[in-house]
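Worksheet: one structure, shown below.
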Amino acid sequence: MVQYLDMFDICVSSGSACAAGSINPSHVLRAIGRSEEDSLSMLRLSLNHENTKEECDYVVEKINQGMKSSRTGDIMLEQISGNAARFMIYALAILSILLIFLAIYYLINIGNRYIDGKKRINIDLRLITKIFLGILIFYLINIIFNKFPILGYTLSSVIIAIIFAYIIDPIVNYLERKGVKRQFGVIIVYISAILIFGILIVSVIPKTINEISNLLTSLLPWWIP
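So for the sequence shown, the working numbering puts the first residue at 342; every next one is plus one.
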């Protein structure tokens, strides 16, 4: 360790080896068990007056870069280990569920051999497979929507648009039978819907909320003695 520290002092005092990039001083200090803050302080103390300001700044910048890269590597290792641990937990859970299901299935089949036909337990594997696939697809969709929220907003907008189209289609057909062209019928329906929603938002909904608040306020003395 003393040999490494002497090498570090020589490199820093001359300033040329560190500036040339032949040795990273932060690696030497980390090798002898120093923290990042101690590394910077020891570096500043070991720099003598013969070094120029540019050389000192360059060495400090190199140490900062080495520390950042080492922290990035540590974070990546932690993420990889965390992902591997989660994968192992999920894999063990899925395998345990499959083993329990297979054990129950074969126990039922073995027991059915010694029971009359009317009392046997019948298992529909196709139905169970469909249910399992449905749960798996729902789980995957949930993961995708949580990772990419914009997909959930897009899908909800599409569903609302489809429902709204089914609602306004009979009205447009009725206006078309009355002699109104379909394009104008669609425009009339949309304008009417916007006006209705605007009136509800401006006048009806605030008054309703106000009345409900007054009702709750008047009922509070009955609930709280």
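Note that beta-carbon positions come from the ideal geometry of N, C-alpha and C, so glycine has one too.
In the displayed model, K548 falls within a helix according to three-state DSSP.
With contacts defined as CB atoms closer than 8 Å, I509 and V530 qualify as a contacting pair. Going by C-alpha positions, I512 is about 10 Å away from A506. Here G526 is buried: its Cβ has 16 or more other Cβ atoms, across all protein chains shown, within 10 Å. Per DSSP, reduced to three states, the secondary structure at K460 is helical.
Going by beta carbons, I445 and N453 fall outside the 8 Å limit. About 6 Å separates the beta carbon of L492 from that of F486, a gap short enough to meet the 8 Å contact definition. Collapsing the DSSP output to three states places R454 in coil. DSSP places K522 in the coil class of the three-state scheme, outside both helix and strand. Under the three-state reduction of DSSP output, D510 falls in the helix class.
Where I476 is concerned, the enclosing alpha helix (DSSP H) starts and stops at 466 to 488.
By alpha-carbon distance to L439, the top candidate from Y515, N555, I469, L560 is I469. Out of A534, S498, F473, the CA that lies nearest to the CA of F442 is found in F473. Going by C-alpha positions, I528 is about 57 Å away from L433.
A direct Cα-to-Cα measurement between N514 and A425 gives close to 58 Å. Across the structure, I484 and Y431 are spaced so that their CA atoms are roughly 14 Å apart. Take the alpha-carbon of F479 and the one of K522: they are about 43 Å apart.
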